[in-house]
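*Asks:*
There are 2 protein chains.
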Amino acid sequence: MAEAKAVRRRPGRPRQEGPSPVYLERREEILARASEVFDVKGYDAGTLEDVAQAMGMRKAGLYHYVSSKSELLFLLFDRAWELGFQRMAGVEEIADPAERLAEVIRRHVSLIAERKSLFTVFLGRRPLFDEDGERAFLEKERRYVGIFARAVRDAAAAGLIPPVDPRLGAMALLGMTSWVYKWYDPATATAERIGDEFVRLVLGPRPAAG
Amino acid sequence: MAEAKAVRRRPGRPRQEGPSPVYLERREEILARASEVFDVKGYDAGTLEDVAQAMGMRKAGLYHYVSSKSELLFLLFDRAWELGFQRMAGVEEIADPAERLAEVIRRHVSLIAERKSLFTVFLGRRPLFDEDGERAFLEKERRYVGIFARAVRDAAAAGLIPPVDPRLGAMALLGMTSWVYKWYDPATATAERIGDEFVRLVLGPRPAAG
């Protein structure tokens, strides 16, 4: 549905393949403001009116970018996945299993911390999308969990972490790192420090074992 | 506010110190049904009407137990804390730091898994309570995190886990174990198995370190 909007041409503009950079930038801003609105109010209570107000726009203007609240939520969740995969780009090419697992942990923590509002909405109670939407998101979830599971599997195979079930290990680390959205406060601990401590907890040396 | 209700005497009953067992049992059932309603609908959208319906009661009957939706939510959150502390009873007396940390992890996982609906509400977006309620809950949160933090500190001091900041280590483990509410499915892995794997990940031997 986002597609249909995106290819709409503006009068007097040259034909273009996709949406204009200005359009995309504006929509990106709408997603950021919408995250904040839904973070504060919850997505049941938050309205398109609230988002328009946060943008200093009229609701009619907002409709140029999103056709409904459910489309906005879909775009928001989609954006969260997109950011996740962007953040993990190249991580699976890291050959050293310790470095790879450490990177997966650090990158996920930094993403959650940087986009706390978005991930508070994303990681909270999820709206039910239509069949295609649900299928697409489940597929993305599987892919994202897979990045963690392979990192766990390879670190365990190399004897760097205890031999755990890769999927359960992945869920353990996803929980550890995602939960940061609940308590992150850069005044207390920066995302970098949190990432380092988490990596140490999982991969660091334990004196008594030596 | 729960107190005021609780001491109300029923006609023809002998004077009693607190609420009757029947009253408490019924209220407990209301909390369980309310958890399910708010789990499915979210607590913004779920109503007292829905809870009464789930109980097979009239809304008027429900008012004998809770005076408002916000009181119901308060009781629900309070119950979650109570269950948490009950589950952790005696854990701090375990002298062996490995056993203690393992128990803290296992107990928290089993609690979340057993009361998934309640903790889906509890760990989701939290309503803002009045000043006294907020203070009480923050105090409970500190106490609960403290149980994890001391277990981490003592295990690190004994060289059983890497030397990490106790609070950040506590938040890591609370995230790992709380997140279970998002994906727990006993058909895939029982709470016991999840607890065992998490304990292994945190405390288990790593072959490469030996």
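Taken in order, these protein sequences are the chains called A and B. Using my numbering, the letters of the first sequence map in sequence onto residues 1 to 210. Using my numbering, the letters of the second sequence map in sequence onto residues 1001 to 1210. Idealized CB from N, CA, C, for every residue including glycine.
#1: Check the Cβ of A:G42 against every Cβ in chain B and list those closer than 8 Å, keeping chain order.
#2: If you measure from the beta carbon of A:G146 to each beta carbon in chain B, is any gap under 8 Å?
#3: Could you tell me whether the stretch 1081-1090 of chain B touches the stretch 1054-1064 of chain B, using the rule of 3 or more Cβ pairs below 8 Å?
#4: Identify whether A:W81 lies in helix, strand or coil by the three-state DSSP scheme.
#5: For B:E1092, which of helix, strand or coil comes out of DSSP?
#6: Please classify B:F1198 as buried or exposed, where buried requires at least 16 neighbouring CB atoms within 10 angstroms.
#7: If you draw a straight line from the alpha carbon of B:L1174 to that of B:A1098, how long is it in whole angstroms?
#8: Applying the criterion that 16 or more other CB atoms from any shown protein chain within 10 Å of the CB defines a buried residue, is A:S20 buried or exposed?
#9: Could you tell me whether any Cβ in chain B is nearer than 8 Å to the Cβ of A:F137?
#10: Which of the residues in the stretch 1165-1177 of chain B, read from start to end, lie with their CB under 9 Å from any CB of chain A?
#11: Taking any Cβ of chain A, which residues in the stretch 1188-1204 of chain B have a Cβ under 7 Å from it, in chain order?
#12: What residues of chain B sit near A:A34, judged by a beta carbon separation below 7 Å?
#13: Just to confirm before moving on: does the CB-CB distance between B:V1051 and B:R1033 stay below 8 Å?
#14: Alpha carbon to alpha carbon, what distance is there between A:V22 and B:M1171?
#15: Relative to the alpha-carbon of A:P205, which residue among A:I161, A:R115, A:A54, A:M55 has its alpha-carbon at the smallest distance?
#16: How many Å lie between A:S178 and A:G146 at the Cα?
#17: So the candidates are A:A80, A:G169, A:R135; which of them puts its Cα closest to the Cα of A:L118?
#18: Could you tell me if A:F85 is buried or exposed, where buried requires 16 or more neighbouring beta carbons within 10 angstroms of its beta carbon?
#19: Quick one: what does DSSP say A:Y65 is sitting in, helix, strand or coil?
#20: Spatial neighbours of B:R1200 within its chain, please: CB distance less than 7 Å, with the 5 preceding and 5 following residues excluded, ordered by chain position.
#21: If the cut is a Cβ gap below 9 Å, which residues of chain A does B:L1037 touch?
#22: Using alpha carbons as the reference points, say which of A:D154, A:L111, A:P207 lies closest to A:T190.
#23: Taking B:I1194 as the reference, which of A:D165, A:G133, A:G46 has the closest Cα?
#24: Excluding the 5 residues flanking A:D39 on each side, which residues of the same chain have their C-beta closer than 7 Å to its C-beta?
#25: Do you know offhand how far A:L73's Cα is from A:G133's?
*Replies:* By the coordinates alone:
#1: Position 42 of the first sequence, counting from 1, holds the residue named residue 42 of chain A. Chain B residues near A:G42: G1042, D1044, R1125.
#2: On the first sequence, position 146 is the one that residue 146 of chain A refers to. Judged by the 8 Å Cβ criterion, A:G146 is not in contact with chain B.
#3: With a cut-off of 8 Å, the stretch 1054-1064 of chain B and the stretch 1081-1090 of chain B do not count as touching, because too few Cβ pairs lie within range.
#4: The residue you call residue 81 of chain A lines up with position 81 of the first sequence. The answer is helix: DSSP assigns A:W81 an H, G or I state.
#5: Here residue 1092 of chain B refers to the residue found at position 92 of the second sequence. B:E1092 falls in the helix class under three-state DSSP.
#6: For this step, residue 1198 of chain B is matched to residue 198 along the second sequence. A buried status is given to B:F1198, since no fewer than 16 other beta-carbon atoms sit within 10 Å of its beta-carbon.
#7: As a first step, residue 1174 of chain B must be located in the second sequence, where it is residue number 174. As a first step, residue 1098 of chain B must be located in the second sequence, where it is residue number 98. About 17 Å.
#8: What you label residue 20 of chain A is simply residue 20 of the first sequence in a count that begins at 1. Result: exposed.
#9: Residue numbering aside, residue 137 of chain A sits at position 137 when the first sequence is read from its first letter. It does not: the Cβ of A:F137 has no partner Cβ on chain B nearer than 8 Å.
#10: D1165, R1167, L1168, G1169, M1171, A1172, L1173, L1174, G1175, M1176, T1177
#11: A1189, I1194, E1197, F1198, R1200, L1201, G1204
#12: Residue mapping note: residue 34 of chain A aligns to position 34 of the first sequence, counting from 1. Under the 7 Å cutoff, chain B gives no residues; its nearest Cβ is about 16 Å from A:A34.
#13: Indexing the second sequence from 1 puts residue 1051 of chain B at position 51. Indexing the second sequence from 1 puts residue 1033 of chain B at position 33. Result yes, Cβ atoms of B:V1051 and B:R1033 sit closer than 8 Å.
#14: Counting from one through the second sequence, the residue named residue 1171 of chain B turns up at place 171. Counting from one through the first sequence, the residue named residue 22 of chain A turns up at place 22. Cα to Cα, the separation comes out at about 41 Å.
#15: What you label residue 205 of chain A is simply residue 205 of the first sequence in a count that begins at 1. Of A:I161, A:R115, A:A54, A:M55, the residue nearest in Cα terms is A:I161.
#16: Within the first sequence, the letter at position 178 stands for residue 178 of chain A. Within the first sequence, the letter at position 146 stands for residue 146 of chain A. Cα to Cα, the separation comes out at about 15 Å.
#17: One-based indexing of the first sequence puts residue 118 of chain A at position 118. Of A:A80, A:G169, A:R135, the residue nearest in Cα terms is A:A80.
#18: Along the first sequence, read from residue 1 onward, the residue named residue 85 of chain A stands at position 85. It counts as exposed.
#19: Start at 1 with the first residue of the first sequence, and residue 65 of chain A comes out as number 65. Here A:Y65 sits in coil by DSSP.
#20: Numbered from 1 along the second sequence, position 200 holds the residue referred to as residue 1200 of chain B. Closer than 7 Å at Cβ, skipping near neighbours: no residue.
#21: Along the second sequence, one-based indexing puts residue 1037 of chain B at 37. Strictly speaking, residue 1037 of chain B in this sequence is Val, with Leu absent from that position. Here the premise fails: no neighbours, minimum Cβ distance about 13 Å.
#22: Counted from its first residue, the first sequence places residue 190 of chain A at position 190. The shortest C-alpha separation from A:T190 is found at A:L111.
#23: If you number the second sequence from 1, residue 1194 of chain B lands on position 194. Put simply, of A:D165, A:G133, A:G46 the residue whose alpha carbon is nearest the alpha carbon of B:I1194 is A:D165.
#24: Counting from 1 along the first sequence, the entry for residue 39 of chain A is found at position 39. For A:D39, where only same-chain residues beyond five positions count, the Cβ hits under 7 Å are S117, T120, V121.
#25: Along the first sequence, one-based indexing puts residue 73 of chain A at 73. Along the first sequence, one-based indexing puts residue 133 of chain A at 133. The alpha-carbon atoms of A:L73 and A:G133 are separated by roughly 11 Å.
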